[in-house]
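Take a look at the structure set out below.
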Amino acid sequence: MDISNKRVLVTGAAGFLGSHLCDRFIAEGCKVVGMDNLITGSLNNIEHLFKHENFEFYHHDVSKFVFVPGELDFILHFASPASPIDYLKIPIQTLKVGSLGTHNLLGLARVKKARMLIASTSEVYGDPNVHPQNEDYWGNVNPIGPRGVYDEAKRFQEAITMAYHTFHGVETRIVRIFNTYGPRMRLNDGRALPAFMGQALRGEDITVFGDGSQTRSFCYVDDLIEGIYRLLLSDYQFPVNIGNPDEISIKDFAEEIIKLTGTDQKIVYKPLPQDDPKQRQPDITRAKDILSWEPKVARADGLKSTWDYFRSLPEWEIIPRSFTSA
Ligand code: UDP
Numbered sequence: 099m100d101i102s103n104k105r106v107l108v109t110g111a112a113g114f115l116g117s118h119l120c121d122r123f124i125a126e127g128c129k130v131v132g133m134d135n136l137i138t139g140s141l142n143n144i145e146h147l148f149k150h151e152n153f154e155f156y157h158h159d160v161s162k163f164v165f166v167p168g169e170l171d172f173i174l175h176f177a178s179p180a181s182p183i184d185y186l187k188i189p190i191q192t193l194k195v196g197s198l199g200t201h202n203l204l205g206l207a208r209v210k211k212a213r214m215l216i217a218s219t220s221e222v223y224g225d226p227n228v229h230p231q232n233e234d235y236w237g238n239v240n241p242i243g244p245r246g247v248y249d250e251a252k253r254f255q256e257a258i259t260m261a262y263h264t265f266h267g268v269e270t271r272i273v274r275i276f277n278t279y280g281p282r283m284r285l286n287d288g289r290a291l292p293a294f295m296g297q298a299l300r301g302e303d304i305t306v307f308g309d310g311s312q313t314r315s316f317c318y319v320d321d322l323i324e325g326i327y328r329l330l331l332s333d334y335q336f337p338v339n340i341g342n343p344d345e346i347s348i349k350d351f352a353e354e355i356i357k358l359t360g361t362d363q364k365i366v367y368k369p370l371p372q373d374d375p376k377q378r379q380p381d382i383t384r385a386k387d388i389l390s391w392e393p394k395v396a397r398a399d400g401l402k403s404t405w406d407y408f409r410s411l412p413e414w415e416i417i418p419r420s421f422t423s424a
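In terms of the working numbering, the sequence shown opens at residue 99 and continues consecutively.
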């Protein structure tokens with residue numbers, strides 16, 4: 099489908115996923131409006147887009163009233179802190195961007211008659227009691243735990259998005275994103291992959307939380323962006339899981355990274371954070387059926403590209419240990 103005449107607003111444009119989405123829409127010939135308050139995003143991720151005539155940028159917090167002049171065809175709401183370390187540091191902003199921010203953007207979508215896609219998350223399933231997780235599972239979330247500010251904001255986000263769809267007829271799409279990795283992740287965001295690769299770069303021990311038997315299923319960013327793109331252009335308004343079902347324990351994941359980086363770091367075990375999900379794997383039957391989508395990039399290849407990216411960063415970005423440990 100040719101969408102080259104469309105104008106797209108991406109919130110969280112300077113973040114990991116937002117910046118890759120901006121690249122994708124620019125490549126499709128769209129006009130892209132990026133928006134970010136730069137709390138967790140970095141202009142480094144979109145610096146290359148500033149010279150592009152189809153790209154413009156607003157430094158703005160979407161938790162406050164959002165104004166964008168001109169027409170908009172699509173709004174993709176990707177602004178949010180997205181790692182447990184961030185939620186602990188900025189819990190109120192995390193709640194506000196998922197709730198007030200989504201409300202503002204749904205209002206904007208309504209007046210612009212734009213289609214709105216929200217970035218939801220596997221965190222709506224909490225520490226899941228069913229495995230793998232399909233979209234009909236309602237989740238097991240602790241509202242007052244450390245992840246509650248993110249999980250409940252995202253659950254509210256889904257609720258208000260469906261309400262705008264049913265009550266106001268706004269065209270909406272909901273993607274539930276599982277663990278994703280790739281270039282432009284923040285080296286100090288505390289997530290497992292950048293933590294392990296950062297430690298490898300600095301020659302530090304690799305910190306595995308708990309006994310490392312908890313599992314995650316990691317999706318390479320290019321696969322994720324393709325899934326989101328297809329969902330946006332589909333006519334399906336219910337949530338769709340996008341992720342890679344290739345599940346691995348965190349201990350095995352740490353060992354894969356030690357092997358890949360060719361460093362001989364040893365693993366040290368630290369306490370498991372509260373409410374850390376024991377296992378996570380997406381059931382992607384719906385994405386396969388509705389979007390004809392499934393991930394293509396093997397973990398070995400994706401990890402290599404990500405490692406090459408982290409290795410290419412200037413030395414001052416390889417931030418000291420205190421920022422990387424929980
Ligand atoms: N983790 C770890 N060491 C670290 C950072 C994270 O063992 O230095 C663990 C974390 O406790 C979790 C898993 O790795 O069990 C994935 O963590 P991440 O923050 O990447 O994602 P999430 O828990 O939100 O899925």
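Glycine included, C-beta positions come from ideal geometry on N, C-alpha and C.
Open item on the list: Let me check one thing: in DSSP terms, what residues is A217 bridge-paired to?
Closed with: Position 119 of the sequence shown, counting from 1, holds the residue named residue 217. In the DSSP output, where bridge partners are listed per residue, A217 has V273.
Task: Coil, strand or helix - F421 by DSSP - done: Here residue 421 refers to the residue found at position 323 of the sequence shown. Because the pLDDT of F421 is 47, which lies under 50, any placement of that residue in the model is unreliable, and the number read from its coordinates should be weighed accordingly. Here F421 sits in helix by DSSP.
- [ ] Let me know if G301 comes out buried or exposed under the rule of 16 or more other beta-carbons within 10 Å of its beta-carbon.
- [x] As a working note, residue 301 is residue 203 in the sequence shown. The residue in question, G301, is exposed, as its Cβ has fewer than 16 Cβ neighbours within 10 Å.
Task: Contact belief for Y185 with Y248 at Cβ below 8 Å, rounded distance in angstroms - done: Here the question's residue 185 lines up with position 87 in the sequence shown. Here the question's residue 248 lines up with position 150 in the sequence shown. Indeed, because the Cβ distance is near 5 Å, the residues count as touching under 8 Å.
Task: Which listed residue (K211, K149 and T138) has its alpha carbon closest to that of E169 - done: Counting from one through the sequence shown, the residue named residue 169 turns up at place 71. Minimum Cα distance to E169 is reached at K211.
- [ ] Report yes if the C-beta distance between I346 and T313 is below 8 Å; otherwise report no.
- [x] Counted from its first residue, the sequence shown places residue 346 at position 248. Counted from its first residue, the sequence shown places residue 313 at position 215. Cβ distance < 8 Å, so I346 and T313 count as in contact.
TODO: Please classify E413: is it buried, with 16 or more other beta-carbons within 10 angstroms of its beta-carbon, or exposed?
DONE: The residue given as residue 413 occupies position 315 in the sequence shown. With a threshold of 16 other beta carbon atoms within 10 Å, E413 falls short and is exposed.
TODO: Leaving aside the five residues before and after N152 along the sequence, list all residues of the same chain whose C-beta is less than 8 Å from its C-beta, in chain order.
DONE: As a first step, residue 152 must be located in the sequence shown, where it is residue number 54. Once the five neighbours on either side are set aside, the close Cβ partners of N152 are I124, G127, C128, K129 and V130.
Task: Assumed close pair L107, V195 - CB separation to whole angstroms, cut-off 8 Å - done: Taking the first residue of the sequence shown as position 1, residue 107 is located at position 9. Taking the first residue of the sequence shown as position 1, residue 195 is located at position 97. Actually they do not touch by this definition, with Cβ atoms about 15 Å apart.
TODO: Report yes if the CB atom of H175 is closer than 8 Å to the CB atom of G199, and no otherwise.
DONE: Translated into positions along the sequence shown, residue 175 becomes position 77. Translated into positions along the sequence shown, residue 199 becomes position 101. Result yes, Cβ atoms of H175 and G199 sit closer than 8 Å.
Open item on the list: According to DSSP, Y156 sits in a beta bridge with which residue or residues?
Closed with: The residue you call residue 156 lines up with position 58 of the sequence shown. Note: Y156 sits in a beta bridge opposite M133.
- [ ] Take K376 and list the residues in its own chain whose beta-carbon comes closer than 7 Å to its own, dropping the five residues that flank it on each side.
- [x] Residue 376 sits at position 278 when you count from the first residue of the sequence shown. So the list reads D225 and Q312, once near-sequence residues are dropped.
Task: Assigned exposure category for V222 - 16 Cβ within 10 Å defines buried - done: Taking the sequence shown and counting its residues from 1, one reaches residue 222 at position 124. Under this definition V222 is a buried residue.
Task: D100, buried or exposed, once every other Cβ within 10 Å from all chains shown has been counted against 16 - done: Here residue 100 is taken as the residue at index 2 of the sequence shown, counted from 1. With fewer than 16 other Cβ atoms within 10 Å, it is exposed.
Task: the segment 352-359 / the segment 141-152 touching (three or more Cβ pairs under 8 Å) - done: no
TODO: With DSSP as the reference, label I388 as helix, strand or coil.
DONE: Reading the sequence shown from its first residue, position 290 is the one you call residue 388. Here I388 sits in helix by DSSP.
Open item on the list: At a cut-off of 7 Å, would you count R314 as near the ligand UDP, judging by its Cβ distance to the nearest heavy atom?
Closed with: As a position in the sequence shown, residue 314 is number 216, starting the count at 1. Yes, Cβ of R314 sits closer than 7 Å to a heavy atom of the ligand UDP.
Task: Which of helix, strand or coil DSSP assigns to H120 - done: As a first step, residue 120 is located in the sequence shown; it is residue number 22 there, counting from the start. A small fix is needed here, since residue 120 is Cys in this sequence, not His. Here C120 sits in helix by DSSP.
Task: Sequence-distant residues of the same chain with beta carbon closer than 7 Å to K394, five excluded per side - done: Within the sequence shown, the letter at position 296 stands for residue 394. Correct list, in chain order: D321.
- [ ] Check whether the Cβ atoms of F163 and N202 sit closer than 8 Å, and answer yes or no.
- [x] Translated into positions along the sequence shown, residue 163 becomes position 65. Translated into positions along the sequence shown, residue 202 becomes position 104. For F163 and N202, yes; Cβs fall inside 8 Å.
Task: Residue environment, G113, which counts as buried when at least 16 other CB atoms sit within 10 Å - done: As a position in the sequence shown, residue 113 is number 15, starting the count at 1. By the neighbour-count rule (16 or more Cβ atoms within 10 Å), G113 is buried.
TODO: For Q231, I'd like the list of residues in its chain whose CB is within less than 8 Å of its CB, leaving aside the five on either flank, ordered along the chain.
DONE: Numbered from its first residue, the sequence shown carries residue 231 at position 133. For Q231, where only same-chain residues beyond five positions count, the Cβ hits under 8 Å are S220, Y223, N339, R378, Q379, P380 and D381.
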